[in-house]
Amino acid sequence: MPRMVLQEILNMKDNEQKVDLLAIDDISEKLSEIVDWAIRIKNDDEALYDFKPLDGMSVGSIYEKPSTRTRVSFEVGVNRLGGQPITLLSGDLQLGKSETIADTASVLSRYLDCITYRCFGHDDVMELAKHSTIPVINALSDLHHPCQAAADMMTIVENSDRVNGHVAWVGDGNNVLHDLALGCAILGLDIKFATPVGFEPDPDIIMRAQKIAERSGSKIEGCNSAEDAVTDAGVIYTDVFVSMGEEHLDGKMSSFDGFQVNEELVAKADESYIFMHCLPAHRGDEVTDGVIDSQNSVVFDQAENRMWAQMSILTLLCNEAAWQTYWELR
Ligand code: CP
Ligand code: NVA
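Using numbering that gives the first Met the number 0, the letters of the sequence shown map in sequence onto residues 0 to 329.
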């Protein structure tokens with residue numbers, strides 16, 4: 000990209016109206032472009048060196064739960080976009096001890112250009128967004144994981160030439176499934192999820208996905224049989240059976256007999272299926288080594304794509320003019 004054009008892009012910052020990303024359907028209309036933009040920047044070596052749309056900006060990331068992928072991909076992604084990443088571990092903050100979420104939001108809005116927040120209850124990230132004057136990105140709550148879904152959609156699009164069949168989810172009806180279902184609905188992909196009885200996803204979120212699917216023409220279906228879900232699937236996706244914050248639920252694991260993604264189960268899928276997992280994986284529980292280490296597994300591409308998808312989202316939310324201009328130029 001010519002430098003003069005880049006300079007013009009960098010001078011155009013328009014943050015008059017902030018957009019928050021609390022669930023993936025907050026950016027429904029842009030999701031397809033966000034994915035395409037992420038794929039383009041991933042494959043554009045020149046842009047990696049010259050495109051700095053977050054120049055002069057700071058992005059703060061609050062973590063109340065551990066993280067490997069989200070933390071590192073945000074830190075590296077913000078840095079590559081020319082911004083300053085600031086990781087804020089909850090143990091070091093006043094938040095949750097002597098200061099409210101609302102006051103924290105007001106204060107951080109005076110220093111930062113964007114906040115990412117990994118929290119327990121989804122209400123907490125909603126409260127932070129309500130009182131912030133800058134964009135807030137949900138970096139995982141008990142109900143939603145939109146950054147994961149953006150990377151998941153990117154990974155499915157990247158593999159579209161070998162995906163012949165629906166997306167099958169096998170496991171817990173959790174935060175990752177919620178945004179995966181919404182993401183599939185937005186992009187017009189069929190999804191069939193299998194969960195044990197009593198561990199179905201939130202019905203209101205599934206209804207939201209089904210409403211979106213009515214417009215995009217996709218099917219969002221649930222069942223309680225792993226075999227039903229994976230038969231003829233083009234994508235098989237699973238996640239841990241016990242999420243962060245649920246460790247106290249004694250005996251939850253025992254409800255997942257028959258929901259392990261193993262060699263016998265995946266044999267029912269389309270032969271060129273891709274295996275996906277948001278990671279971290281509990282090998283031997285929800286997935287066997289044989290499946291996650293197979294040729295069909297794209298889990299490490301998926302992990303890498305967290306960074307590219309988040310770079311696309313950050314640029315859109317923090318400097319839409321640069322996002323738009325880069326998009327039009329490429
Ligand atoms: N998938 C994901 O969010 O991973 P981390 O918990 O390591 O951030
Ligand atoms: N469902 C998991 C996802 C981890 C990335 C959790 O919330 O712990």
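Ideal placement from N, C-alpha and C gives every residue a C-beta, glycine not left out.
Rounded straight-line distance, which links the Cα of residue 71 to that of residue 284: In a straight line, the C-alpha of residue 284 is about 26 Å away from that of residue 71.
Neighbourhood of residue 287 by C-beta distance below 6 Å, restricted to the same chain and skipping five residues each side: 261
Reference residue 162, options 201, 170, 220, 236, closest by Cα: 236
Residue 59, enclosing beta strand (DSSP E) - first and last residue: 57–62
Cβ-based neighbour list, residue 189, same chain, cut-off 6 Å, excluding 5 preceding and 5 following: 165, 217, 218
For residue 353, the residue or residues it bridges with in DSSP: Since the first residue of the chain shown is 0 and the last is 329, residue 353 is not available in this structure.
Candidates 82, 233, 275, 120, of which the one nearest residue 170 by Cα: Among 82, 233, 275, 120, the Cα nearest to that of residue 170 is on 275.
Three-state secondary structure assigned by DSSP to residue 312: Residue 312: helix per DSSP, three-state reduction.
Nearest-angstrom Cβ-Cβ length linking residue 225 and residue 182, presumed shorter than 8 Å: In fact, because the Cβ distance is near 21 Å, the residues do not count as touching under 8 Å.
Residue 65 Cβ short of 8 Å to the ligand CP heavy atom set: yes
Closer than 8 Å: residue 247 CB and nearest the ligand NVA heavy atom: The answer is no for residue 247.
Neighbour-count burial assignment, residue 206, 16 or more Cβ in a 10 Å radius: exposed
Inter-stretch contact (C-beta, 8 Å, three-pair minimum) for the stretch 60–67 and the stretch 85–102: yes
Local Cβ density within 10 Å of residue 177, reported as buried at 16 or more and exposed below that: buried
Element boundaries [beta strand (DSSP E), containing residue 163]: Neither: residue 163 is in no beta strand (DSSP E) and is coded neither H nor E.
Buried or exposed (CB count within 10 angstroms, at least 16 for buried), residue 266: If you draw a 10 Å sphere on the C-beta of residue 266, you find fewer than 16 other C-beta atoms in it, and that means exposed.
For residue 84 and residue 148, the rounded distance between their alpha carbons: 22 Å
Cβ-based neighbour list, residue 231, same chain, cut-off 8 Å, excluding 5 preceding and 5 following: Around residue 231: 164, 165, 267, 268, 269.
Identified DSSP bridge partners for residue 200: Its beta-bridge partners do not exist; DSSP assigns none.
Near the ligand NVA: residue 242 beta-carbon under 8 Å from a heavy atom: yes
Every unbroken alpha helix (DSSP H) within the stretch 20–80, with a cutoff of 4 residues, ordered by chain: 30–41, 44–49, 68–79
Where residue 147 falls: helix, strand or coil (DSSP): DSSP places residue 147 in helix when its eight states are reduced to three.
DSSP state of residue 174 mapped onto helix, strand, coil: helix
Candidates 320, 244, 143, of which the one nearest residue 179 by Cα: 143
Residues bridged to residue 117 [DSSP beta-bridge criterion]: 62
Outcome for residue 294 when other beta-carbon atoms lying within 10 angstroms are tallied against a minimum of 16: Counting the other CB atoms within 10 Å of its CB gives residue 294 a total below 16, which places it among the exposed residues.
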